[in-house]
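Report on one structure; see the data block that follows.
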Amino acid sequence: MTGLDPLRLTVLAAAGWCLAALVFQAVRAYRFGTHDVHSASAGAPLKGIAYAFGPGMMPWGKESAARHLPTYLTGIGYHLSVFLVLAYLATVIFGIVPPENWRVPLTAVFAAGAVGGTGLLVKRAVKPVLRSISCPDDFASNALVDLLLVTAAASLWIPAADAALLGTAAVLLLYIPLGKIRHCFFFFYSRILFGIFFGRRGVLPPRPRETQP
Amino acid sequence: MTAESAKDILEERLARLTPADIRKAVDTFRAALGHQGAADLNACVHCGLCADTCHYALTSDEPENPPAYKVNLVMAVFKRYFTRLGRIVPGWVGARELDETLTREWVDVLFGRCSLCGRCNLNCSVGLNITALITAARAALTAIGLIPPELQSTITTAHTTGNNMGIAQDDWVETVQWLEEELRAETGDPTARMPLDLHGARMLYTVNPREPKFFPLSLLAAGKVFYAAGESWTLATDYYDVTNYGLYSGEAPVAGELSDRLVRTMERLGCQELILGECGHGFNANRWEAPEWLSKRYPFRVRSVLELMAEYIRAGRLTLDPSKNTERVTLHDPCNLVRLGGVVEEQRYILHRAVSDFTEMTPNREKNFCCGGGGGQLSMTRYAQRRLQAGRIKADQITATAARIVATPCHNCVDQLSELNKEYKLGVAIKTLCEIVADALVLPAP
């Protein structure tokens, strides 16, 4: 434990801001209006939610994923590496040294995540359809996360790179509620509602199929 | 109204937009979004993966067609008026004022390039309810008179006459009486009935007004099925229209009023069950949305006629002979009934027993492609060319099955498929499920 120096405290404060701002935004979204549901359910909302986070995320459950398998797999890998880098960030903040034999695999995951993220960034810049729906926030958000992954990989080998990692993390955490990375929270909000919608209506999970008698 | 004159009306309205109009549109938009819309617009990551799931985007390279582009147009306004960064540095997050330019684009893209089929919802990386987002934006446009006049005209006709085809009550009653005579002739039973306003009947049957107007034999087929099943049923003389184009304009109060007429008719006639005829959006509107528009739980059951027919067959109340339908049949799944409505397997259960050669399209069920006729597209004639182009995916699906008959439980789909049949020279017949079942019926001796 190296102690909570100002930089580490800044990251923690940024994390607190991020969490509070996301909760505030969730409350604001909620205040757009809710209502009781009156139509009689034809299915199971909970099963719909389970499907939404399970088979509904798989390529065989989602045509868009099946048609864009490399992008889908890159996205999955990218997000997994981000979850892992956040865990690693916590160890750096609190001075916990990961086991020595974790360094190479962690570096590989962070590097792969950064490469994948950069690939998605390039794709956004190059593909006309994606470019037409993109704004600076899309590029900046991606770049910030990529930078976090790069600095995390570096800090595994160069102790002095911890400062770069912590500085990037602070900026990222401050930015999350303002830009598109707030989807890290709203994804779950929307996905649950997706599951409820299709679950109540008896569309998802798909029912046993009628076949020739 | 011609497409040209309707265009002029819209242009005039656009030219007269005031700041008060914009405020009204933004307020309506906010109310229509609700918490789900707000959450969805905070969750979109602009991944663009939805593009390949949309029949508009798949049949044309125009940049306005991918669902992501449409959502982006809606999101731009959300960010500008309801997010902090959108107010301070709009360019950074892609926020835009709802000005005349953007309003014009909203009309063209959100009314003219989307059939609200919900296929993108299902395939969205996040799971956004894109259909609801576009409907919220349509509601905002409708609130300030920027709904394409042809669509508004359909709603107004339903509102003022009781049905969207403007059929006079005398004509409706005469048609039903004529069909009753036909039913008696076909069944050889002089007591067979197409009842009107039969108080205390078990179920009220509602129809798409296109049936009495253009396809009366469709209604006769339903009557024949109910006769064979020994059902206690009735039609209403006043409110029998299952359609509700308010679903497409996003105007919840008007849509609610149209659906409430059916509720009041149920009460007036003392029926126990509301059976919705073969109409995809009518099912979605009356089964799922109307109780929310009206903020009330219905004291009666609401089902599709498909669910009812499947129940008849399971219970042995109908005897079907599939050898009466020998040509190859394929099935088109109406989006509002299947993907957005949850009636998925009943039509298959029925067809497996009513025809001898049934083949599925690929993809099918909730993953099926829209025919292009939903979202009010059939009434908005100005966008007809786009609609027919977007229907190419469906035409290709049909061709691949080598079917001679396309069954579909939706009259809007019947119309669009009939146009696709001509446009792409498919050489198929389009039939409703009631018609196919009626053809396969083995009637009891009178």
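Protein sequences, first through last, are from chains A and B. To convert, count from 1 in the first sequence and add 35; that's our numbering. To convert, count from 1 in the second sequence and add 147; that's our numbering. We put the CB at the ideal spot given by N, CA and C, even for glycine.
Mark residue 193 of chain A as exposed unless 16 or more other C-beta atoms lie within 10 angstroms of its C-beta, in which case mark it buried.
Residue numbering aside, residue 193 of chain A sits at position 158 when the first sequence is read from its first letter. Exposed is the call here.
Going by beta carbon distance, what residues of the same chain come within less than 7 Å of residue 222 of chain A, once the five residues before and after it are set aside?
Translated into positions along the first sequence, residue 222 of chain A becomes position 187. Annotation for residue 222 of chain A: no residue places its beta carbon closer than 7 Å to its own, counting only its chain and skipping 5 residues before and after.
Compare the C-beta of residue 37 of chain A with all C-beta atoms of chain B and state if any pair is closer than 8 Å.
On the first sequence, position 2 is the one that residue 37 of chain A refers to. With a pLDDT of 49 at residue 37 of chain A, under the threshold of 50, the modelled position of this residue cannot be trusted, and the question is left open.
Interface residues of chain A around residue 455 of chain B at Cβ under 9 Å?
Locating residue 455 of chain B in the second sequence gives position 308, where the first residue counts as 1. Those within 9 Å of residue 455 of chain B in chain A number zero; the least Cβ separation is about 15 Å.
Can you pull the chain B residues whose beta carbon is under 7 Å from the beta carbon of residue 168 of chain A, in chain order?
Within the first sequence, the letter at position 133 stands for residue 168 of chain A. Going along chain B in sequence order, the residues near residue 168 of chain A (Cβ under 7 Å) are 193, 195, 215, 216 and 219.
Is the segment 90-104 of chain A touching the segment 456-475 of chain B in the sense that three or more CB pairs, one from each, lie closer than 8 Å?
Fewer than three beta-carbon pairs drawn from the segment 456-475 of chain B and the segment 90-104 of chain A are found closer than 8 Å, and the two stretches are therefore not classed as touching.
Cut-off 6 Å between Cβ atoms - residues of its own chain near residue 37 of chain A, not counting five sequence neighbours on either side:
For this step, residue 37 of chain A is matched to residue 2 along the first sequence. Per-residue confidence for residue 37 of chain A stands at a pLDDT of 49, beneath the threshold of 50, marking its modelled position as unreliable; no derived number is given.
For a contact meaning CB atoms closer than 9 Å, what does residue 74 of chain A contact in chain B?
In the first sequence, residue 74 of chain A corresponds to position 39, counting from 1. Chain B residues near residue 74 of chain A: 434, 435, 436, 437, 438, 439, 444, 445 and 449.
Please confirm whether any heavy atom of the ligand ADP lies closer than 7 Å to the CB of residue 299 of chain B.
The model depicted lacks the ligand ADP and carries no ligand whatsoever.
For residue 444 of chain B, I'd like the list of residues in its chain whose CB is within less than 7 Å of its CB, leaving aside the five on either flank, ordered along the chain.
The residue labelled residue 444 of chain B in the question sits at position 297 within the second sequence. Cβ within range, chain order: 438.
Would DSSP call residue 263 of chain B helix, strand or coil?
Mapped onto the second sequence, residue 263 of chain B falls at position 116. Three-state DSSP puts residue 263 of chain B in coil, outside helix and strand.
Would you list the residues sitting across from residue 478 of chain B in a DSSP beta bridge?
Sequence index remark: in the second sequence, residue 478 of chain B carries index 331 (1-based). Beta-bridge pairing links residue 478 of chain B to B:554.
Quick test of the definition: if touching needs 3 or more C-beta pairs under 8 Å, does the segment 254-272 of chain B touch the segment 515-534 of chain B?
Short answer: they touch.
Supposed close pair residue 384 of chain B, residue 344 of chain B - CB separation, criterion 8 Å
Looking up residue 384 of chain B in the second sequence gives position 237. Looking up residue 344 of chain B in the second sequence gives position 197. Correct: roughly 5 Å between the Cβ atoms.
Shortest alpha-carbon distance to residue 151 of chain A belongs to which of A:112, A:228 and A:175?
Indexing the first sequence from 1 puts residue 151 of chain A at position 116. Residue 151 of chain A has its Cα closest to that of A:112, out of A:112, A:228 and A:175.
Using a Cβ-Cβ distance cut-off of 8 Å, determine whether residue 239 of chain B contacts chain A.
Numbered from 1 along the second sequence, position 92 holds the residue referred to as residue 239 of chain B. Interface with chain A (8 Å Cβ-Cβ cutoff): residue 239 of chain B is included.
8 Å is my cut-off, CB to CB: does residue 114 of chain A come that close to chain B?
The residue given as residue 114 of chain A occupies position 79 in the first sequence. No, residue 114 of chain A does not count as interfacial toward chain B.
Would you tell me roughly how many angstroms separate the C-alpha atoms of residue 102 of chain A and residue 200 of chain B, rounded to the nearest one?
Taking the first sequence and counting its residues from 1, the one referred to as residue 102 of chain A is at position 67. Taking the second sequence and counting its residues from 1, the one referred to as residue 200 of chain B is at position 53. CA-to-CA, the gap between residue 102 of chain A and residue 200 of chain B works out to about 9 Å.
Strictly under 8 Å for the Cβ-Cβ distance: is residue 585 of chain B near chain A by that measure?
In the second sequence, residue 585 of chain B corresponds to position 438, counting from 1. So, not an interface residue.
Does DSSP put residue 387 of chain B in a helix, in a strand, or in coil?
Locating residue 387 of chain B in the second sequence gives position 240, where the first residue counts as 1. Secondary structure of residue 387 of chain B (DSSP, three-state): coil.
Give me, in chain order, the residues of the same chain whose beta-carbon lies closer than 6 Å to that of residue 448 of chain B; leave out the 5 immediate sequence neighbours on both sides.
What you label residue 448 of chain B is simply residue 301 of the second sequence in a count that begins at 1. 420.
Is there a Cβ of chain B sitting closer than 8 Å to that of residue 241 of chain A, yes or no?
Stepping through the first sequence from its first residue, residue 241 of chain A is reached at position 206. Nearest CB-CB separation between residue 241 of chain A and chain B: below the 8 Å threshold.
Could you tell me which uninterrupted beta strand (DSSP E) segments, each at least 3 residues in length, are contained entirely in the segment 382-442 of chain B, listed from first to last along the chain?
The segment 382-442 of chain B contains these whole beta strand (DSSP E) runs: 420-423.
Residue 449 of chain B bridges to which residues according to DSSP?
Sequence index remark: in the second sequence, residue 449 of chain B carries index 302 (1-based). Bridge partners of residue 449 of chain B: B:421.
Looking at chain B, which residues of the segment 79-95 of chain A have a Cβ within less than 7 Å of any of its Cβ atoms?
Across the segment 79-95 of chain A, CB contacts with chain B closer than 7 Å involve 87, in sequence order along the chain.
Give, in chain order, every residue of the segment 469-485 of chain B whose Cβ lies closer than 9 Å to some Cβ of chain A.
Shown in chain order are the members of the segment 469-485 of chain B whose Cβ falls below 9 Å from a Cβ of chain A: 485.
Just to check my reading of the structure: residue 220 of chain A and residue 57 of chain A have Cβ atoms closer than 8 Å, yes? What is that Cβ distance to the nearest angstrom?
Here residue 220 of chain A refers to the residue found at position 185 when the first sequence is read from its first residue. Here residue 57 of chain A refers to the residue found at position 22 when the first sequence is read from its first residue. That pair is a contact at about 5 Å.
Inter-stretch contact (C-beta, 8 Å, three-pair minimum) for the segment 371-387 of chain B and the segment 339-358 of chain B
Touching, yes.
Should residue 356 of chain B be labelled buried (16 or more other beta-carbon atoms within 10 Å of its own) or exposed?
Position 209 of the second sequence, counted from the first residue, corresponds to residue 356 of chain B. A residue is called buried when at least 16 other Cβ atoms come within 10 angstroms of its Cβ; residue 356 of chain B meets this threshold and is buried.
Same chain only: Cβ atoms within 6 Å of residue 487 of chain B, ignoring 5 sequence neighbours per side
On the second sequence, position 340 is the one that residue 487 of chain B refers to. Cβ neighbours of residue 487 of chain B beyond the five flanking positions: 265 and 431.
Less than 8 Å between the beta carbons of residue 226 of chain A and residue 118 of chain A, yes or no?
Here residue 226 of chain A refers to the residue found at position 191 of the first sequence. Here residue 118 of chain A refers to the residue found at position 83 of the first sequence. Cβ atoms of residue 226 of chain A and residue 118 of chain A: not closer than 8 Å.
So residue 353 of chain B is in the beta strand (DSSP E); what residue range does that whole segment cover?
What you label residue 353 of chain B is simply residue 206 of the second sequence in a count that begins at 1. Per DSSP, residue 353 of chain B is one residue of the beta strand (DSSP E) stretching across 350-353.
So if I threshold CB-CB distances at 9 Å, which residues from the segment 384-413 of chain B count as touching chain A?
Cβ contacts with chain A: none found.
Are any of the Cβ atoms in chain A nearer than 8 Å to that of residue 499 of chain B?
What you label residue 499 of chain B is simply residue 352 of the second sequence in a count that begins at 1. Answer yes: the Cβ-Cβ gap between residue 499 of chain B and chain A drops below 8 Å somewhere.
Any chain B beta carbon closer than 8 Å to residue 180 of chain A:
Numbered from 1 along the first sequence, position 145 holds the residue referred to as residue 180 of chain A. Chain B, which has no Cβ nearer than 8 Å to the Cβ of residue 180 of chain A, makes this no.
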